[in-house]
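Sequential numbering from 6 applies to the sequence shown in my numbering. For glycine and all other residues, C-beta sits at the position ideal for the given N, C-alpha and C. These numbers were taken from a predicted model, which means no experiment stands behind them.
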Amino acid sequence: MWPKHFYEGRPVEPVFTTPGGELVSRQHIDTLLRRVGAEIGLDVAHLGTHTGRRSLITALYTNDVALDDVQHHIGHSDSRTTAGYVASLGSRPQRTAAIAAEIMDRPVKK
Numbered sequence: 006m007w008p009k010h011f012y013e014g015r016p017v018e019p020v021f022t023t024p025g026g027e028l029v030s031r032q033h034i035d036t037l038l039r040r041v042g043a044e045i046g047l048d049v050a051h052l053g054t055h056t057g058r059r060s061l062i063t064a065l066y067t068n069d070v071a072l073d074d075v076q077h078h079i080g081h082s083d084s085r086t087t088a089g090y091v092a093s094l095g096s097r098p099q100r101t102a103a104i105a106a107e108i109m110d111r112p113v114k115k
């Protein structure tokens, strides 16, 4: 039985846990992500746990997903937060989202 976790009073399902089911800190995951990224040859200067979230918001929005749908998918309680992520996009071409998806879907070389 996994421990129950709450964030801002709402139950959450943890993505990263210890073997005993306890939450792992975002900072620990960020460090691990940078280490593994460097090991596989990525430029980790701007890599972090929040990078994927920003990329997902950008990819959804540039593929004509309504901002309020993106907001609900991401879990923002206020649409202004989501809008802040895409405010500087202007007329960013669809090609950006396609390239991001292609990069994220590449298999890891061992």
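For the region 64-71 and the region 38-51, state whether three or more C-beta atom pairs, one from each stretch, are separated by less than 8 Å.
-> no
Please go through the same chain and pick out, in chain order, the residues whose beta-carbon is closer than 8 Å to the beta-carbon of T54, but skip the five residues on each side of it.
-> Start at 1 with the first residue of the sequence shown, and residue 54 comes out as number 49. Closer than 8 Å at Cβ, skipping near neighbours: R31, I34, D35 and L38.
Going by DSSP, name the residue or residues bridged to K11.
-> Residue mapping note: residue 11 aligns to position 6 of the sequence shown, counting from 1. Just to set this straight, residue 11 is Phe in the shown sequence, not Lys. According to DSSP, F11 bridges with P16.
Pick out the complete beta strand (DSSP E) segments inside the region 29-90, 3 residues or longer, and give them in chain order.
-> none
Just to confirm, are S84 and D73 a CB contact at a threshold of 7 Å?
-> One-based indexing of the sequence shown puts residue 84 at position 79. One-based indexing of the sequence shown puts residue 73 at position 68. Going by C-beta atoms, S84 is nearer than 7 Å to D73.
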